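Protein chains: 2
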Amino acid sequence: MSATPVWPEELFTDLDRTGPVPLYYQVSSRLEQAIRSGRIPTGARLENEISIGEKLGLSRPTVRRAIQELVDKGLLVRRRGIGTQVVQGQVSRPVELTSLFEDLERTHHEPSTRVLSHEVIPADETIAEKLSVAVGSDVLRIRRLRGTDGSPVAILENYLPLEYTDLTEEDLNAKGLYQLLRARGVTIRIANQSISARRAHADEADLLDTARGGPLLTMERVAFDDSGKAVEFGHHCYRPDLYRFETTLVAK
Amino acid sequence: MSATPVWPEELFTDLDRTGPVPLYYQVSSRLEQAIRSGRIPTGARLENEISIGEKLGLSRPTVRRAIQELVDKGLLVRRRGIGTQVVQGQVSRPVELTSLFEDLERTHHEPSTRVLSHEVIPADETIAEKLSVAVGSDVLRIRRLRGTDGSPVAILENYLPLEYTDLTEEDLNAKGLYQLLRARGVTIRIANQSISARRAHADEADLLDTARGGPLLTMERVAFDDSGKAVEFGHHCYRPDLYRFETTLVAK
DNA sequence: AAGTGGTCTAGACCACCGA
DNA sequence: CGGTGGTCTAGACCACTTT
Numbered sequence: 001m002s003a004t005p006v007w008p009e010e011l012f013t014d015l016d017r018t019g020p021v022p023l024y025y026q027v028s029s030r031l032e033q034a035i036r037s038g039r040i041p042t043g044a045r046l047e048n049e050i051s052i053g054e055k056l057g058l059s060r061p062t063v064r065r066a067i068q069e070l071v072d073k074g075l076l077v078r079r080r081g082i083g084t085q086v087v088q089g090q091v092s093r094p095v096e097l098t099s100l101f102e103d104l105e106r107t108h109h110e111p112s113t114r115v116l117s118h119e120v121i122p123a124d125e126t127i128a129e130k131l132s133v134a135v136g137s138d139v140l141r142i143r144r145l146r147g148t149d150g151s152p153v154a155i156l157e158n159y160l161p162l163e164y165t166d167l168t169e170e171d172l173n174a175k176g177l178y179q180l181l182r183a184r185g186v187t188i189r190i191a192n193q194s195i196s197a198r199r200a201h202a203d204e205a206d207l208l209d210t211a212r213g214g215p216l217l218t219m220e221r222v223a224f225d226d227s228g229k230a231v232e233f234g235h236h237c238y239r240p241d242l243y244r245f246e247t248t249l250v251a252k
Numbered sequence: 001m002s003a004t005p006v007w008p009e010e011l012f013t014d015l016d017r018t019g020p021v022p023l024y025y026q027v028s029s030r031l032e033q034a035i036r037s038g039r040i041p042t043g044a045r046l047e048n049e050i051s052i053g054e055k056l057g058l059s060r061p062t063v064r065r066a067i068q069e070l071v072d073k074g075l076l077v078r079r080r081g082i083g084t085q086v087v088q089g090q091v092s093r094p095v096e097l098t099s100l101f102e103d104l105e106r107t108h109h110e111p112s113t114r115v116l117s118h119e120v121i122p123a124d125e126t127i128a129e130k131l132s133v134a135v136g137s138d139v140l141r142i143r144r145l146r147g148t149d150g151s152p153v154a155i156l157e158n159y160l161p162l163e164y165t166d167l168t169e170e171d172l173n174a175k176g177l178y179q180l181l182r183a184r185g186v187t188i189r190i191a192n193q194s195i196s197a198r199r200a201h202a203d204e205a206d207l208l209d210t211a212r213g214g215p216l217l218t219m220e221r222v223a224f225d226d227s228g229k230a231v232e233f234g235h236h237c238y239r240p241d242l243y244r245f246e247t248t249l250v251a252k
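Chains A and B are the protein sequences, given in the same order. Numbering-wise (full-length UniProt numbering), the first sequence opens with residue 1 and increments by one. Numbering-wise (full-length UniProt numbering), the second sequence opens with residue 1 and increments by one.
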């Protein structure tokens with residue numbers, strides 16, 4: 001099939017063996033950049049793992065791990081007896097564990113926020129179940145309108161347990177919810193999402209500047225921190241002409 | 001924090017060291033079952049990797065890999081200096097690389113299919129780009145109505161390169177597209193998906209037995225095989241009251 | 001100080017593929 | 001047959017968290 005395998009060794013001349021950045025990560029991130037930039041072309045075959053290890057002065061497991069990272073991202077394909085190839089076809093960014101705010105920032109749009117409401121309410125049955133708290137216990141409810149480049153994009157309704165009720169409106173106007181949580185030492189580790197669609201209610205249509213009864217893209221999410229405790233339950237709706245969810249799936 | 005770590009050793013008494021099933025997979029799948037069934041409760045702390053390895057007669061890397069599988073699935077959380085814990089909160093199934101047909105089968109619904117059209121057409125610009133073929137080259141276009149339990153759920157429009165034009169209508173009525181491709185030795189490895197929403201066109205509304213102009217959940221997908229070649233480009237729409245996409249995201 | 005997971009090494013044997 | 005990735009071993013050192 002493909003004739004000579006490629007390995008741009010010059011990209012890996014200055015690996016840092018003393019710093020805190022893992023070797024496999026240094027290799028995989030540089031390799032990823034080389035692929036995304038086209039420096040290594042689509043369909044190219046990589047050298048085998050052992051020779052790469054020899055050239056880089058790394059053990060095979062370390063090289064394997066670096067390659068595996070990119071296989072998991074859908075950039076490379078490995079086949080036993082054949083070798084490792086760069087996937088053909090453009091690669092889209094997977095849905096990551098970030099907030100809409102960061103999504104927009106990353107794509108060079110100017111995110112804006114308006115806090116619509118910010119109040120402590122007793123948890124109803126749904127909220128209590130999602131957040132694993134008692135029915136009737138106090139939770140913080142926030143509702144925000146998120147926009148970009150002057151257009152409203154989404155209405156975000158979030159519920160947080162009592163311990164986060166001191167998040168202020170000013171905080172929320174300036175930063176994304178996940179950024180604020182991170183700044184308080186809370187790391188979101190796992191999230192369960194459910195994506196669907198429905199008609200816009202009248203107030204939602206007005207806020208999003210779209211037709212009443214028109215289609216909205218919806219996302220429900222429960223997010224958990226490192227220790228597995230529920231941190232946030234959210235119920236969001238997006239203007240489908242301005243937002244969509246993109247994923248790369250990789251079969252194992 | 002959590003007092004005594006747990007390890008239900010009795011679940012791992014008969015590991016098969018000779019068969020084709022990897023040891024790490026045997027361990028991780030049994031562990032997964034024990035967690036999903038509640039045999040190991042939510043929030044429980046697991047024993048450390050080295051003692052597990054000793055008890056099972058496995059090396060630490062093998063045990064680590066088994067655990068890592070479940071971390072990636074969002075069932076376990078590892079923290080340095082702390083240990084490994086079962087995540088609290090229910091875990092939903094991630095979006096997997098399967099077709100709608102298999103999704104429905106797995107959830108014990110009775111999938112039905114009606115092939116609406118099945119024809120060879122020249123590729124327009126969009127299709128040609130997605131499938132990496134020349135504009136104007138022949139591609140197979142199929143349009144199917146998928147239902148479950150008597151209700152129409154989705155309209156599936158798919159485009160496949162020339163080499164698959166011999167897929168017949170009878171095949172497609174009986175099985176899912178991905179099943180048919182697998183039977184021909186084609187494995188889908190990577191897919192890029194984009195999920196959004198829009199209004200239903202009149203013909204779609206009639207087919208799906210829903211309101212004209214009502215909301216539809218949409219998904220566009222390009223799927224690639226082992227070698228990275230584009231195998232299928234699809235444009236689907238779903239009744240949002242009967243279908244949604246569920247995902248578990250895990251931060252790395 | 002003790003215990004945990006995170007990384008890394010230097011081998012080994014096997015299954016699968018192509019020539 | 002030789003070359004490839006897939007799995008597995010038995011160690012090692014380190015960073016981080018709790019006691």
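The C-beta atom is built at its ideal place from N, Cα and C for all residues, glycine as well. Being a predicted model, the structure only gives us computed values, none of them experimental.
request  = Please name the residue in 176(B), 15(B), 41(B), 193(B) whose C-alpha comes closest to that of residue 86(B).
outcome  = Residue 86(B) sits at position 86 when you count from the first residue of the second sequence. Taking only the C-alpha atoms, the option nearest residue 86(B) is 41(B).
ask   = Taking three-plus beta-carbon pairs below 8 Å as touching, is the stretch 168-175 of chain B in contact with the stretch 192-204 of chain B?
value = No contact exists between the stretch 168-175 of chain B and the stretch 192-204 of chain B.
inquiry  = Using only the alpha-carbon positions, how far apart do residue 117(A) and residue 168(A) sit?
reply    = Indexing the first sequence from 1 puts residue 117(A) at position 117. Indexing the first sequence from 1 puts residue 168(A) at position 168. C-alpha separation (whole angstroms): 11 Å.
ask   = How long is the line joining the alpha carbons of residue 159(A) and residue 242(A), rounded to whole angstroms?
value = In the first sequence, residue 159(A) corresponds to position 159, counting from 1. In the first sequence, residue 242(A) corresponds to position 242, counting from 1. Those two C-alpha atoms are separated by around 25 Å.
request  = State yes or no: is the C-beta of residue 24(A) within less than 9 Å of the C-beta of residue 62(A)?
outcome  = Walking along the first sequence from the start, residue 24(A) turns up at place 24. Walking along the first sequence from the start, residue 62(A) turns up at place 62. Cβ atoms of residue 24(A) and residue 62(A): closer than 9 Å.
message = Give me the chain B residues within the contact set of residue 79(A), using Cβ-Cβ distance strictly less than 7 Å, ordered along the chain.
response = Here the question's residue 79(A) lines up with position 79 in the first sequence. Chain B residues near residue 79(A): 226.
message = With distance defined between alpha-carbon atoms, name the residue in 186(A), 152(A), 171(A), 146(A) nearest to residue 161(A).
response = The sequence position of residue 161(A) within the first sequence is 161, counting from 1. Among 186(A), 152(A), 171(A), 146(A), the Cα nearest to that of residue 161(A) is on 186(A).
request  = Determine the extent of the alpha helix (DSSP H) in which residue 24(A) is found, giving its start and end residues.
outcome  = Mapped onto the first sequence, residue 24(A) falls at position 24. That run of the alpha helix (DSSP H) goes 23-36.
Per-residue contacts from residue 87(A) into chain B (C-beta, under 7 Å) = The count along the first sequence starts at 1 and reaches residue 87(A) at position 87. In chain order: 190, 224, 228.
ask   = If you measure from the beta carbon of residue 241(B) to each beta carbon in chain A, is any gap under 9 Å?
value = Residue 241(B) sits at position 241 when you count from the first residue of the second sequence. Output row for residue 241(B): interface = yes.
task = Along the beta strand (DSSP E) that carries residue 158(A), what are the first and last residues, could you check?
result = By 1-based counting over the first sequence, the position of residue 158(A) is 158. DSSP places residue 158(A) inside the beta strand (DSSP E), whose first and last residues are 151-161.
query = Looking at C-alpha atoms only, which residue of 21(B), 75(B), 16(B) is the closest neighbour of residue 38(B)?
reply = In the second sequence, counting from the first residue as 1, residue 38(B) sits at position 38. When each option's Cα is compared against that of residue 38(B), the closest is 75(B).
query = Hey, is residue 217(B)'s beta-carbon within less than 9 Å of any beta-carbon in chain A?
reply = Indexing the second sequence from 1 puts residue 217(B) at position 217. Output row for residue 217(B): interface = yes.
request  = Taking residue 123(A) and residue 115(A) to be in contact with their CB atoms under 8 Å, please state how far apart those CB atoms are, rounded to whole angstroms.
outcome  = Residue 123(A) sits at position 123 when you count from the first residue of the first sequence. Residue 115(A) sits at position 115 when you count from the first residue of the first sequence. Actually they are not in contact, since the Cβ atoms of residue 123(A) and residue 115(A) sit about 20 Å apart, beyond 8 Å.
query = Is the shortest distance between the beta-carbon of residue 126(A) and the beta-carbons of chain B less than 9 Å?
reply = Mapped onto the first sequence, residue 126(A) falls at position 126. So no, residue 126(A) is outside the interface.
Assigned exposure category for residue 22(B) - 16 Cβ within 10 Å defines buried = Here residue 22(B) corresponds to residue number 22 of the second sequence, with the count starting at 1. Residue 22(B) should be labelled exposed.
ask   = Can you find a CB in chain B that lies within less than 9 Å of the CB of residue 203(A)?
value = Locating residue 203(A) in the first sequence gives position 203, counting from the first residue. Not an interface residue.
ask   = Is it the case that the Cβ atoms of residue 250(B) and residue 73(B) are separated by a distance below 9 Å?
value = If you number the second sequence from 1, residue 250(B) lands on position 250. If you number the second sequence from 1, residue 73(B) lands on position 73. In contact: residue 250(B) and residue 73(B) (Cβ atoms closer than 9 Å).
key: Any C-beta of chain A under 9 Å from that of residue 14(B)   = In the second sequence, counting from the first residue as 1, residue 14(B) sits at position 14. So, not an interface residue.
task = Determine the direct distance from the alpha carbon of residue 46(A) to that of residue 2(A), and round the result to whole angstroms.
result = Start at 1 with the first residue of the first sequence, and residue 2(A) comes out as number 2. Start at 1 with the first residue of the first sequence, and residue 46(A) comes out as number 46. At residue 2(A), the pLDDT of 48 sits below 50, so the modelled position is not reliable; the number obtained from the coordinates is stated separately. Using only the alpha carbons, I get a separation of about 10 Å.
task = Over the uninterrupted alpha helix (DSSP H) stretch that includes residue 131(B), give me the two end residues.
result = Here the question's residue 131(B) lines up with position 131 in the second sequence. Looking at the DSSP string, the run of the alpha helix (DSSP H) that includes residue 131(B) is 125-131.
request  = Keeping to the same chain, check which residues put their C-beta closer than 6 Å to that of residue 200(B); ignore five residues upstream and five downstream.
outcome  = Taking the second sequence and counting its residues from 1, one reaches residue 200(B) at position 200. These residues qualify, in order along the chain: 214, 216.
request  = Say whether chain B places a C-beta atom closer than 9 Å to the C-beta of residue 29(A).
outcome  = Residue numbering aside, residue 29(A) sits at position 29 when the first sequence is read from its first letter. So, not an interface residue.
task = Compute the Euclidean distance between the alpha carbons of residue 229(B) and residue 88(A), then round it to the nearest angstrom.
result = Your numbering for residue 229(B) matches position 229 in the second sequence. Your numbering for residue 88(A) matches position 88 in the first sequence. Their Cα atoms are separated by approximately 6 Å.
message = Tell me the DSSP secondary structure of residue 53(A) in three-state form.
response = Numbered from 1 along the first sequence, position 53 holds the residue referred to as residue 53(A). DSSP places residue 53(A) in helix when its eight states are reduced to three.
ask   = Mind checking if residue 64(B) is an interface residue toward chain A, Cβ cutoff 9 Å exclusive?
value = As a position in the second sequence, residue 64(B) is number 64, starting the count at 1. No, residue 64(B) does not count as interfacial toward chain A.
inquiry  = I'd like to know whether the C-beta atoms of residue 208(B) and residue 142(B) end up nearer to each other than 9 Å.
reply    = Along the second sequence, one-based indexing puts residue 208(B) at 208. Along the second sequence, one-based indexing puts residue 142(B) at 142. No, Cβ-Cβ distance for residue 208(B) and residue 142(B) is not below 9 Å.
task = Using three-state DSSP, classify residue 39(A) as helix, strand or coil.
result = To locate residue 39(A), count along the first sequence from 1; it is residue 39. Residue 39(A): coil per DSSP, three-state reduction.
query = Considering only the beta carbon of each residue, do residue 69(A) and residue 60(A) sit closer than 9 Å?
reply = Locating residue 69(A) in the first sequence gives position 69, counting from the first residue. Locating residue 60(A) in the first sequence gives position 60, counting from the first residue. Contact flag unset, no.
query = Any beta-carbon of chain A closer than 9 Å to the one on residue 110(B)?
reply = Here residue 110(B) refers to the residue found at position 110 of the second sequence. No - not a single Cβ of chain A is within 9 Å of the one on residue 110(B).
inquiry  = Using only CA atoms, which one of 27(A), 125(A), 57(A) lies nearest to residue 67(A)?
reply    = Along the first sequence, one-based indexing puts residue 67(A) at 67. From the listed residues 27(A), 125(A), 57(A), the smallest Cα separation to residue 67(A) is found for 27(A).
Close-in-space but distant-in-sequence residues of the same chain around residue 235(B) (CB under 6 Å, 5 per side omitted) = On the second sequence, residue 235(B) is found 235 positions in, with the first residue counted as 1. 157, 220, listed in sequence order.
task = Throw me the rounded Cβ distance for the residue 79(B) and residue 226(A) pair, which I believe falls under 8 Å.
result = Taking the first residue of the second sequence as 1, we reach residue 79(B) at position 79. Taking the first residue of the first sequence as 1, we reach residue 226(A) at position 226. At roughly 6 Å, the Cβ-Cβ gap stays under 8 Å, so residue 79(B) and residue 226(A) are in contact.
Opposing strand residues paired with residue 224(A) [DSSP bridges] = Counting from 1 along the first sequence, the entry for residue 224(A) is found at position 224. Answer is 190(A), 230(A).
ask   = Taking the C-alpha atoms as reference points, what is the distance between residue 210(B) and residue 183(B)?
value = Here residue 210(B) refers to the residue found at position 210 of the second sequence. Here residue 183(B) refers to the residue found at position 183 of the second sequence. Going by the C-alpha atoms only, they are around 35 Å apart.
inquiry  = Could you check whether the Cβ of residue 61(A) sits closer than 9 Å to any Cβ belonging to chain B?
reply    = As a first step, residue 61(A) is located in the first sequence; it is residue number 61 there, counting from the start. It does; some Cβ of chain B falls within 9 Å.
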